[in-house]
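Novice: Okay, here's the structure, questions in a sec.
Residue numbers (the numbering used here): 259 to 339.
Quick look at the structure:
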């Protein structure tokens, strides 16, 4: 099996990434979808692929942090009521 260091975005199947596959809420998925669509029709370099993976990772961590903050807020709200 040959491993390629590029992603060709000229084929529609490369842009069909479901929200559940990425594991992001709709608002976050839109960022990823837009990033890919802005590069549609050309081959992505390894650096661009790594950048995309970094974007997804940063968004996933941000979502996790937000969930933690929400839990703390709920606990604090219950303690005050």
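Idealized CB from N, CA, C, for every residue including glycine.
Determine the contact status of residue 290 and residue 314, defining contact as a CB-CB distance below 8 angstroms.
Specialist: The answer is yes: Cβ separation under 8 angstroms.
Novice: State the DSSP-derived secondary structure class of residue 285, mapped to helix, strand or coil.
Specialist: Three-state result, residue 285: helix.
Novice: How many Å lie between residue 318 and residue 336 at the Cα?
Specialist: Distance between the alpha carbons of residue 318 and residue 336: 27 angstroms.
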